[in-house]
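Chemist:
There are 2 protein chains.
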Amino acid sequence: MMPAAETKIRFIDRLEQAVRRRGTPALVGIDPHLDLLPPNILPAEGPQRRLLPRQRLAVAVREFCAGVLDVIGSMVPIVKFQMAFFEQLGPEGMSALAELVGHARRYGLLVILDGKRGDIGSTAVAYAEGMLGPAPVSSWGGDAVTVSPYLGEDSLQPFIETAVARQGGVFVLVKTSNPGSGLFQDLIAEGMPLYRHVAAWVEQQAVRTKGRCGYGDVGGVVGATFHEQLAELRQVMPHTWFLVPGYGTQGGTARDVAPAFDPTGLGAIVNNSRGILFAYRRREFERFGPTRWQEAIEAATREMIDQLRTDTPAGRLTSR
Amino acid sequence: MMPAAETKIRFIDRLEQAVRRRGTPALVGIDPHLDLLPPNILPAEGPQRRLLPRQRLAVAVREFCAGVLDVIGSMVPIVKFQMAFFEQLGPEGMSALAELVGHARRYGLLVILDGKRGDIGSTAVAYAEGMLGPAPVSSWGGDAVTVSPYLGEDSLQPFIETAVARQGGVFVLVKTSNPGSGLFQDLIAEGMPLYRHVAAWVEQQAVRTKGRCGYGDVGGVVGATFHEQLAELRQVMPHTWFLVPGYGTQGGTARDVAPAFDPTGLGAIVNNSRGILFAYRRREFERFGPTRWQEAIEAATREMIDQLRTDTPAGRLTSR
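In order, the protein sequences belong to chains V and E. Mapping the first sequence onto this note's numbering, position 102 (from 1) lands on 102, and the numbers just tick up by one. Plus 320 on top of the position in the second sequence (first one is 1) and you've got this note's numbering.
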């Protein structure tokens, strides 16, 4: 009876509990860039690696990512798989992704599938049903997905409905972390930028899907690299949990992401991908050398957790 | 020597030649909705089918889609695979997709991978390199992809650069065919709707990637269901080849899509998915019954080709 009851807890309340349990909103992004994999995982240099058989590349990616999960599996509440790096390797890469999602879930990690999908009606249903919910309810076993809003409401609702039915979540792109995100997102319509229109819609959906923690199953992606917009959006989206990319390699610091949180330290998860996965390449961790890449990952994860604890309201998560 | 020279022809010129050769701009969308597959391909009724093992579903989808390609392989110039319906079936579905792309190419069909991807910098590169170019240059073997513009220029350029380097193409969502597409796309900024801002950017890129036929490797997705916008966009995007969804089941007719073409009958390809794949369910073709679904597909494809020839400038393609 208990497991059945357990599965009835909404995504957002499971996320809140996981963040409290692990005491940190740090989210590790699993982005296995071929060119950056450690040499004992995949020999040959950068571009030459692309010439290796895809099967060989997929084996290396699986081994590396499993090694990442083995380190961080008990340190953080949630991981995010960047689907592009698996899709890049063809069907073999997608098989690796499916196995790795299972690997992550065995550590009790929540799993975001970052595919930024978006399509019309029945096609959106196919994406949503394939991605959301534990296997075998879904094919890919994600707890949450990222979606792109350009196609409008009828492209987003199928994701939200499937998510709510399966105790899953949806993070809608609002203001992304890339330098060129403003080209369309910052266009001013009816007195406010496009991203604020998307924000208003997302906040409505968050209210509609609100859990016991006060946030909704529908969240928003807001980049760490746009400090002011992060603060602005926190104000106008009080029920929307933020997925904040752009920390670390892209330039965002713990101070930059501090406005993403509410005063109790909830309301945001902060993603770091390359800064953790490829920490062995960072000067601060070069003491480990390329073969001890897992120790570098552990040190970098601890560093991020400490920085978020010191410089953001997330420090209050562990002082209760 | 000839094949090497052949591969140097830009995507857009290959598309133009293929459209002329087959004498039609009809594009068949390969969207294998599980619920609509013929009963001799997959037994059981609609929703109960989802309970079958994924491996079984993937075999059925592969068999059905191969059967579609066997009928239309010499009738139309190009097909579009809707990735969602393959991704929905997990790794097994993605393996089926890879095989089916190969099957399509053996008929000389050009292949669009419709994933509406969009992500930042190095992630966009991973998507683009995985999808664009014949296997084994890419993992998926697409001639062109669809992309979503919300993330802005630095998310789109990696697709365009990879496409140009590999004689591929990119279709950017401009005005989509779904009823709710206006929520964000129609917001007025600086005196014109968002989709016009996207259109202006796409047209610039089309000019920059122009082939001998006068159109560019960067095209635009413009729905058949918004007749006026189609005519408006044809005016302001003279170098942009249109991919026009929404024909058939979504309500668009040949007359609706006529404004997508230039006076010589070039400049657009028109997609029909369900109206062709599941023609055996349409009243006009019920005489074939569910087991003769391939004959229904052939009749529906001929019907679409004829309607486009009669009611649009595409009729001029064959009268030269």
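Heads up, the beta-carbon is just placed ideally off N, CA and C, and yes, glycines get one too.
Use the C-beta contact count for Q235 (chain V): other C-beta atoms within 10 angstroms, 16 or more gives buried, fewer gives exposed.
Modeler: exposed
Chemist: So, is the C-beta of E336 (chain E) closer than 8 Å to a C-beta in chain V?
Modeler: no
Chemist: Within 8 Å (strictly less), CB to CB, does G211 (chain V) reach chain E?
Modeler: no
Chemist: If G393 (chain E) and N591 (chain E) are in contact, beta carbons under 8 Å, what's the gap, nearest whole angstrom?
Modeler: The C-beta distance from G393 (chain E) to N591 (chain E) rounds to 17 Å, too long to meet the 8 Å contact threshold.
Chemist: Whole angstroms are fine: how far does the CA of I508 (chain E) sit from the CA of V59 (chain V)?
Modeler: 49 Å
Chemist: Which residue wins for smallest C-alpha separation from R437 (chain E), given the options V:I78, V:L151, V:G102 and V:R282?
Modeler: Of the candidates V:I78, V:L151, V:G102 and V:R282, the one whose C-alpha sits nearest the C-alpha of R437 (chain E) is V:L151.
Chemist: Which whole runs of the beta strand (DSSP E) in the stretch 66–137 of chain V are 3 residues long or more, in chain order?
Modeler: 78–82 and 110–117
Chemist: Using a Cβ cut-off of 9 Å, which residues of the stretch 161–179 of chain V contact any Cβ in chain E, in chain order?
Modeler: Residues of the stretch 161–179 of chain V with a C-beta less than 9 Å from any C-beta of chain E: L173, T176, S177, N178 and P179, listed in chain order.
Chemist: Return the residues of the stretch 130–154 of chain V that lie within a Cβ-Cβ distance of less than 7 Å from chain B, sorted by chain order.
Modeler: The question asks about chain B, but that chain is absent: this structure's protein chains are V and E.
Chemist: Give me the chain V residues within the contact set of H353 (chain E), using Cβ-Cβ distance strictly less than 7 Å, ordered along the chain.
Modeler: S122
Chemist: Under 8 Å, Cβ to Cβ, is there at least one residue of chain E near Y247 (chain V)?
Modeler: Taking Cβ atoms only, chain E never reaches closer than 8 Å to Y247 (chain V), which makes this a no.
Chemist: What is the rounded straight-line gap between the Cα of D340 (chain E) and the Cα of P38 (chain V)?
Modeler: Rather than Asp, the amino acid found at residue 340 (chain E) in this sequence is Arg. Those two C-alpha atoms are separated by around 50 Å.
Chemist: Within 10 Å of its beta-carbon, does G251 (chain V) have 16 or more other beta-carbons around it, so buried, or fewer, so exposed?
Modeler: Result: exposed.
Chemist: Compile a chain-ordered list of the residues in the stretch 190–205 of chain V whose CB is closer than 8 Å to at least one CB of chain E.
Modeler: The residues in question are E190, L194, H197, V198 and W201.
Chemist: In the DSSP assignment, the beta strand (DSSP E) including T466 (chain E) goes from what residue to what residue?
Modeler: A464 to V467
Chemist: When you compare the CB of D626 (chain E) with every CB in chain V, is at least one pair closer than 8 Å?
Modeler: no
Chemist: What are the boundary residues of the beta strand (DSSP E) that A346 (chain E) is part of?
Modeler: A346 to I350
Chemist: Do P245 (chain V) and S177 (chain V) have their C-beta atoms closer together than 8 Å?
Modeler: yes
Chemist: Look up R54 (chain V) in the DSSP assignment and say whether it is helix, strand or coil.
Modeler: helix
Chemist: Would you kindly check if the distance between the Cβ of L377 (chain E) and the Cβ of L354 (chain E) is under 8 Å?
Modeler: In this structure, L377 (chain E) lies closer than 8 Å to L354 (chain E) by Cβ.
Chemist: Is R320 (chain V) close to chain E, meaning its C-beta is less than 8 Å from at least one C-beta of that chain?
Modeler: Model confidence at R320 (chain V) stands at a pLDDT of 47, short of 50, so the residue's coordinates are unreliable and nothing is read from them.
Chemist: Residues of chain V with CB closer than 7 Å to the CB of Y535 (chain E), please, in chain order.
Modeler: Result: empty, since nearest Cβ-Cβ is about 23 Å, beyond 7 Å.
Chemist: Who pairs with V538 (chain E) in a beta bridge, going by DSSP?
Modeler: E:V490
Chemist: Name the chain V residues whose beta carbon is nearer than 8 Å to that of R374 (chain E)?
Modeler: P136 and S139
Chemist: Could one say the Cβ of K331 (chain V) lies closer than 8 Å to chain E's Cβ atoms, at least one of them?
Modeler: With chain V running from 1 to 320 in the structure shown, residue 331 (chain V) is simply not present.
Chemist: Hey, is Y280 (chain V)'s beta-carbon within less than 8 Å of any beta-carbon in chain E?
Modeler: With 8 Å as the cut-off, Y280 (chain V) does not count as an interface residue toward chain E.
Chemist: Indicate whether V494 (chain E) and D537 (chain E) have their beta-carbon atoms separated by less than 8 Å.
Modeler: no
Chemist: Please classify T225 (chain V) as buried or exposed, where buried requires at least 16 neighbouring CB atoms within 10 angstroms.
Modeler: Its Cβ being crowded by 16 or more others within 10 Å, T225 (chain V) is buried.
Chemist: Taking the alpha helix (DSSP H) that A620 (chain E) falls in, what are its first and last residues?
Modeler: W613 to D631
Chemist: Which residue from E:A620, E:S475 and E:R532 puts its Cα closest to that of A599 (chain E)?
Modeler: Among E:A620, E:S475 and E:R532, the Cα nearest to that of A599 (chain E) belongs to E:A620.
Chemist: Rounding to the nearest angstrom, what Cα-Cα distance links R62 (chain V) and V125 (chain V) in this structure?
Modeler: When rounded, the distance between both Cα atoms is 28 Å.
Chemist: Under a three-way DSSP split, which group does I276 (chain V) fall into?
Modeler: In this structure, I276 (chain V) counts as helix in the three-state DSSP scheme.
Chemist: Compare the C-beta of M395 (chain E) against all C-beta atoms of chain V and say whether one is closer than 8 Å.
Modeler: It does not: the Cβ of M395 (chain E) has no partner Cβ on chain V nearer than 8 Å.
Chemist: Tell me, please, whether the CB atom of D439 (chain E) is closer than 8 Å to any CB atom in chain V?
Modeler: Yes, D439 (chain E) lies at the interface with chain V (some Cβ there is under 8 Å from its Cβ).
Chemist: Indicate whether T560 (chain E) and G540 (chain E) have their beta-carbon atoms separated by less than 8 Å.
Modeler: yes
Chemist: By alpha-carbon positions, which one of E:I329, E:I332, E:G534 and E:R575 ends up nearest to A551 (chain E)?
Modeler: E:R575
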